[in-house]
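Input: a single structure, listed below in structure tokens.
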Amino acid sequence: MTTYRIHPLVVGMNETDQGVMTYLKGYGKRIWLPIYVFYLEGGDRKILVYTGLEQFMVPEGVAEQYGFKVQDFEDALASYELTPEDIDIIIHTHLHNDHCENDYKCTNAKVYVQQAELEFFREPHPVDHRYFPDLLDDVEVVTVQGDQEIVPGVSVLFTPGHTPGGQSVVVNTDKGKAVITGFCCNDQNFPASGPCVPPGVHLNLIQAYESMRRVQEVADIIIPLHDLSVGRRKTIPE
């Protein structure tokens, strides 16, 4: 089986409240959320999970405080001698705008997303304002339904709740299965003891909780989608 190395690239940061990550916990604690692109190195195709934000502002010193670079999309790819045109596959766990604003630059890529997520993206409910239906106008979208292999060594796990068609990305590595969570969370969602804590933002709380349990059952390595420590790691696994 093909194995991969996962490279987290920070392509933006947002300041928010910890309660956005953890349901009914952590309100009033301000935190920074890194916006990641994950480059999956291995196999014969260039694969990204997410493309991130196109435009953002980060106050001076914030990135240095947390020990990583914040770069625009093109510069982040260039650190691995890639251009947007080199990308063959983009996998989206969900279609909130902070994860897919640079898709259109990857003119040779196929974009993989759950059918249920694409349908909601096209006609979003007003309670979730982070869907911008024009972001996929110029890309080739491939829909999947449920758990599915994308290429040898990379598959998706259906994990709805945060959004209607959420999926997590399961990556074979030389140290087991790494799972990039398909829901917005950080290290506080996966405590060392006790039950997991579902996302503070969700459309179905019970689904969100059960999806987290699925990830825990599958993963040897959990990569929380917005955890600050992930950005300090050049490669997963190290």
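The sequence shown runs 904 to 1141 under our numbering. Ideal placement from N, C-alpha and C gives every residue a C-beta, glycine not left out.
Secondary structure at ARG1116: helix, using DSSP grouped into helix, strand and coil. For GLY955, the beta-bridge partners assigned by DSSP are CYS1003. In this chain, the beta strand (DSSP E) harbouring ASP920 covers 908-920. Below 8 Å, too few C-beta pairs join the region 1026-1033 and the region 1041-1055 to call them touching: fewer than three. Around the beta carbon of ASP947, fewer than 16 other beta carbons sit within 10 angstroms, so the residue counts as exposed. In this structure, the alpha-carbon of VAL1016 lies about 6 Å from that of ILE994. Cα atoms of PHE941 and PRO1127: separation of roughly 12 Å, rounded to the nearest angstrom. For LEU943, the uninterrupted beta strand (DSSP E) run begins and ends at 933-944, by DSSP. When DSSP states are grouped into helix, strand and coil, LEU985 belongs to the coil group. The beta carbon of ASN917 sits closer than 6 Å to those of LEU936, all from its chain and outside the five residues before and after it, given in chain order. For GLU1026, no beta strand (DSSP E) run applies, since DSSP gives it neither H nor E.
Excluding five sequence positions before and after CYS1087, the CB atoms of its chain that fall closer than 7 Å to its own CB belong to MET924, HIS1065, PRO1102, VAL1104, LEU1128, HIS1129, given in chain order. In the DSSP secondary-structure assignment, VAL973 is not bridged to any residue. Judged by their CB atoms, LEU956 and ILE938 are nearer to each other than the 8 Å cut-off.
In summary, LYS1137 is exposed, with fewer than 16 beta-carbon neighbours lying within 10 Å of its beta-carbon over all protein chains present. Distance from HIS910 to TYR983 at the Cβ level is roughly 6 Å; contact confirmed, criterion being Cβ atoms closer than 8 Å.
Taking 8 Å as the cut-off, the Cβ atoms of TYR926 and GLY1056 do not count as close. For PHE1061, the uninterrupted beta strand (DSSP E) segment begins and ends at 1057-1061. In this structure, DSSP gives GLY1079 an extended state, which the three-state scheme calls strand.
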